[in-house]
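Asker: There's a structure below that I have some questions on.
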Amino acid sequence: MKTSLLYVKSLYWTMSTMTTVGYGDLTPVSTKEHWYAIFVMLFGSILFGYIFGLMASLVASMDVTMAAFRMKVDSVQRFLHYRNVPRELCERVHRYHDNTWAQTRGFDEHAIMCDLPSSIHLDLALHLYGDMQGRKRNAEPAFVRAIVLRLLPTVFPENEKVVLKGEVGREMFFIQRGHCEVVNDETGEMLVELQDGQYFGEVSILCEARRTATVRSVTEVDLLVLNKQDLDLVCRDFPRVAACVEIKQWVIPTKLQNSLARSHRSRFG
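Numbering (the UniProt record's numbering), first residue to last: 1 to 269.
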């Protein structure tokens with residue numbers, strides 16, 4: 001018998017024995033062959049058990065985050081049903097959770113960053129939100145870093161009102177991704193379109209005034225939120241910036257104010 005044929009028959013017997021198929025066309029004869037066959041079958045059972053167990057573990061670990069998120073969503077759905085919340089509002093909540101999962105995959109970005117040492121937290125924040133530094137070239141770098149560390153990521157579904165005219169504003173927003181629009185509440189007319197890298201809501205927190213306009217998401221948007229309390233704390237540490245020069249140049253809206261003024265003149269002459 002040729003050597004190559006012997007190798008083929010040996011491989012055939014080994015695979016059929018390890019996979020516990022054992023067709024029986026090649027059977028052991030001597031005691032040594034029986035012991036060898038027992039060893040191969042035992043080894044095959046252990047090997048396949050280990051492989052299947054490892055695969056199951058990997059699949060389970062991949063589903064942990066999704067399962068936790070799904071449990072949270074189910075809990076919210078049960079609450080909405082218990083409270084008899086209107087269907088339209090339930091759909092908005094459901095759409096929000098869908099968008100959140102699509103953007104974050106269940107990870108709490110802020111919580112992850114807060115668990116890091118301050119130096120790593122800063123470097124990661126600058127990497128994620130580093131375009132903030134380019135907004136005002138003359139702004140003090142330490143001031144910009146302090147602002148970046150206090151930004152909170154959030155998402156809004158399409159066609160949701162982010163801020164409402166007349167409400168008390170306690171935060172401003174930076175657009176990471178997506179489009180928003182400033183709208184006229186009375187006519188629904190778009191006054192200003194806001195795109196990636198732009199911001200809104202700064203008038204209220206700087207001037208301690210009510211919102212001057214309504215801002216609505218045109219697409220799904222990723223926003224960075226800066227709370228008034230955090231801004232006040234940073235400004236307390238940087239009095240020169242807070243004193244009017246750089247802070248006003250960095251965040252006071254010129255385009256928005258001009259558009260609102262033109263809209264006011266067109267309606268009231």
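Beta carbons are placed, not taken as given, at the ideal position from N, Cα and C, and that holds for glycine. A quick note: this is a predicted structure, and the numbers were derived from the prediction, not measured.
(1) I'd like the ranges of any beta strand (DSSP E) spanning at least 3 consecutive residues and lying wholly in the stretch 153 to 187.
(2) Could you name the residues of the same chain whose beta carbon sits closer than 6 Å to that of Asp185, not counting the 5 residues immediately before and after it, in chain order?
(3) Straight-line CA distance for Arg78 to Val163?
(4) With 16 other CB atoms within 10 Å as the buried threshold, where does Ser4 fall?
(5) Would you decide whether Ile247 is buried or exposed? Buried here means 16 or more other CB atoms lie within 10 Å of its CB.
(6) Apart from the five residues on each side of it in sequence, which residues of its chain come closer than 7 Å, Cβ to Cβ, to Gln103?
(7) Take the Cβ of Gln176 as the centre, count every other Cβ of all protein chains shown within 10 Å, and call the residue buried at 16 or more, exposed below.
(8) Counting pairs of beta carbons, one from the stretch 196 to 206 and one from the stretch 167 to 181, are three or more of them closer than 8 Å?
(9) Take the Cβ of Leu224 as the centre, count every other Cβ of all protein chains shown within 10 Å, and call the residue buried at 16 or more, exposed below.
(10) What residues in its chain sit with their C-beta under 6 Å from that of Gln133, if we drop five residues either side in the sequence?
(11) In whole angstroms, what is the alpha-carbon distance linking Arg105 and Ala60?
(12) Distance, Cα to Cα, Asn227 vs Arg236?
(13) Since Glu167 contacts Ser217 with CB under 8 Å, what's their CB separation in whole angstroms?
(14) Can you list, in chain order, the residues of its chain whose CB lies under 8 Å from that of Phe268, leaving out five sequence neighbours each side?
(15) So which of Asp123, Met15, Glu33, Ser30 has the shortest CA-CA distance to Leu47?
(16) Give me the Cβ distance between Cys180 and Leu194, rounded to the nearest whole Å; I'm assuming they're in contact under 8 Å.
(17) Grouping DSSP H, G and I as helix and E and B as strand, with all else coil, what is Phe238?
(18) Asp230: which of Lys72, Ile147, Ala67 sits nearest, CA to CA?
(19) Quick check for students: name the residue ranges of the alpha helix (DSSP H) that lie wholly in the stretch 45 to 129, counting only runs of 4 or more.
(20) For Leu206, is the classification buried or exposed, using 16 other Cβ atoms within 10 angstroms of its Cβ as the cut-off for buried?
(21) If you follow the alpha helix (DSSP H) that Val148 is in, where does it begin and where does it stop?
(22) Would Lys72 be called buried (16 or more neighbouring beta carbons within 10 Å of its own) or exposed?
(23) For Phe107, which residues of its own chain have a beta-carbon under 8 Å away from its beta-carbon, when the five flanking residues on both sides are left out?
(24) Whole angstroms is fine: what's the gap from Ile51's alpha carbon to Phe43's?
(25) Since Ser217 is in the beta strand (DSSP E), which residue starts that stretch and which ends it?
(26) Could you work out which residue in Lys32, Met41, Val234, Val8 is closest to Ser140 when comparing CA atoms only?
(27) How would you call Val183, buried or exposed, if buried means at least 16 neighbouring beta carbons within 10 angstroms?
Answerer: So, from the listed chains and residues:
(1) 161 to 163, 171 to 177, 180 to 183
(2) The residues Lys165, Thr214, in chain order, have a CB closer than 6 Å to that of Asp185 in the same chain once the five nearest residues on each side in sequence are set aside.
(3) Straight-line Cα distance between these residues: approximately 28 Å.
(4) exposed
(5) Because Ile247 carries a pLDDT of 45, less than 50, the predicted location of this residue cannot be relied on, and the following value inherits that uncertainty. Buried, by the Cβ-count rule.
(6) Val155, Asp222
(7) Burial call: buried.
(8) yes
(9) Sixteen is the threshold: when 16 or more other Cβ atoms of the shown chains lie within 10 Å of the Cβ of Leu224, as they do, the residue is buried.
(10) The pLDDT assigned to Gln133 is 48, lower than 50, so where the model puts this residue is not dependable, and the model offers no usable value.
(11) Going from the Cα of Arg105 to the Cα of Ala60 covers about 16 Å.
(12) 14 Å
(13) That pair is no contact at about 16 Å.
(14) Per-residue confidence for Phe268 stands at a pLDDT of 44, beneath the threshold of 50, marking its modelled position as unreliable; no derived number is given.
(15) Met15
(16) 4 Å
(17) Of the three classes helix, strand and coil, the one that applies to Phe238 here is coil, per DSSP.
(18) It is Ile147 whose Cα lies nearest to the Cα of Asp230.
(19) 87 to 104, 109 to 114, 118 to 129
(20) buried
(21) 141 to 148
(22) Burial call: exposed.
(23) Thr65
(24) Cα to Cα, Ile51 sits roughly 12 Å from Phe43.
(25) That run of the beta strand (DSSP E) goes 214 to 217.
(26) Looking at the sequence shown, residue 140 is not Ser but Glu. When each option's Cα is compared against that of Glu140, the closest is Val234.
(27) buried
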